[in-house]
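Trainee: Every number in the working numbering is 21 more than the matching position in the sequence shown, counting from 1.
Every residue, glycine too, gets a C-beta built ideally from N, C-alpha and C.
Can you keep this structure in mind? I'll have questions shortly.
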Amino acid sequence: MSKAGNLLQWKDAFSVGIPEVDQEHQALIALINDLYREMRGGGDVEGFLGELYAKIAAHFALEEKIMQALGYDRYREHKEDHERLLDELRDMMDSYGEGHQLDDEALAHSLDAWFTEHFKTEDARLHTYLMKRQ
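Take a look at the structure:
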């Protein structure tokens, strides 16, 4: 965990070079950090999970639209990675909605690992692709 109780911290290395996408990445990191603090404080996280899911899904749709428009050669793999995270979040939301206790540490670890890995791999590849096109 990084400073000030945050789970994720934006790094310039996460940039894909599209300002709109980078701004959304930063907003998602802020939302994830809000969710993490809410969970750590014992608050009700159901609303946060729904908001997080909706914003992540909307962001992924934007990224995928841009990748398709650019003819990105790794579009399918990138989209599949997006779908994996959305599936994990849906499973957690379903479990929480059925009255199961939400394991905040497992959720935090899953989000941290997925986003960090996604930024380092799929988004880094997209950034490289975009830089070569310029």
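Going straight from the alpha carbon of Met113 to that of Asp133, what length do you get?
Mentor: Here residue 113 refers to the residue found at position 92 when the sequence shown is read from its first residue. Here residue 133 refers to the residue found at position 112 when the sequence shown is read from its first residue. Roughly 15 Å separates the two Cα atoms.
Trainee: Would you say the stretch 29-44 touches the stretch 65-76, given that touching needs at least three Cβ pairs under 8 Å?
Mentor: no
Trainee: Which residue wins for smallest C-alpha separation from Glu59, given the options Lys153, Tyr150, Leu128 and His148?
Mentor: Taking the first residue of the sequence shown as position 1, residue 59 is located at position 38. Among Lys153, Tyr150, Leu128 and His148, the Cα nearest to that of Glu59 is on Leu128.
Trainee: Is Met88 buried or exposed, if buried means 16 or more other CB atoms sit within 10 Å of its CB?
Mentor: On the sequence shown, residue 88 is found 67 positions in, with the first residue counted as 1. Result: buried.
Trainee: Residue ranges of each alpha helix (DSSP H) run of no fewer than 4 residues wholly in the stretch 41-108, ordered along the chain?
Mentor: Qualifying alpha helix (DSSP H) stretches, in chain order: 67-91.
Trainee: Would you mind stating whether Ala78 and Leu107 have Cβ atoms separated by less than 8 Å?
Mentor: Position 57 of the sequence shown, counted from the start, is the residue given in the question as residue 78. Position 86 of the sequence shown, counted from the start, is the residue given in the question as residue 107. Yes, Cβ-Cβ distance for Ala78 and Leu107 is below 8 Å.
Trainee: Once DSSP output is grouped into helix, strand and coil, what is the label at Glu119?
Mentor: Locating residue 119 in the sequence shown gives position 98, where the first residue counts as 1. Note: Glu119 maps to coil in three-state DSSP.
Trainee: Suppose contacts are defined by Cβ-Cβ distances below 8 Å. Is Leu147 in contact with His99 by that definition?
Mentor: On the sequence shown, position 126 is the one that residue 147 refers to. On the sequence shown, position 78 is the one that residue 99 refers to. Yes, Cβ-Cβ distance for Leu147 and His99 is below 8 Å.
Trainee: Please state whether the Cβ-Cβ distance between Ile50 and Leu83 is less than 8 Å.
Mentor: Taking the sequence shown and counting its residues from 1, the one referred to as residue 50 is at position 29. Taking the sequence shown and counting its residues from 1, the one referred to as residue 83 is at position 62. For Ile50 and Leu83, no; Cβs fall outside 8 Å.
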